[in-house]
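**Student:**
Residue numbers (our numbering): 45 to 112.
(1) Can you have a look at residue 96 and say buried or exposed, based on whether 16 or more other CB atoms are within 10 angstroms of its CB?
(2) So, is residue 71 buried or exposed, given that buried needs 16 or more other C-beta atoms within 10 angstroms?
(3) Considering only C-alpha positions, which residue in the set 68, 59, 49 and 47 is nearest to residue 104?
(4) Going straight from the alpha carbon of residue 91 to that of residue 63, what length do you get?
(5) Taking the straight line between their C-alpha atoms, what separation do you get for residue 87 and residue 98?
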């Protein structure tokens, strides 16, 4: 692998980890705040809670994924 290509791959891996961290924080915040106010949100609250958990899992998968 050329030096330039290796440098580009490191940048992409770094960007992937940072975006995964941001998604995990957003998902955790969304899930936590929704679970605190679940009684006042009625049925839509469960949908928002599920969306927060999905975003959290996607962020964690981006963080733990290994580049090839």
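Just so it is clear, CB atoms sit at the ideal spot from N, CA and C, and this is done for glycine as well.
**Tutor:** Taking the structure as given:
(1) By the 10 Å Cβ count, residue 96 comes out buried.
(2) Label assigned to residue 71: buried.
(3) The alpha carbon of residue 104 has as its nearest neighbour, out of 68, 59, 49 and 47, the alpha carbon of 68.
(4) C-alpha separation (whole angstroms): 23 Å.
(5) The alpha-carbon separation between residue 87 and residue 98 amounts to approximately 18 Å.
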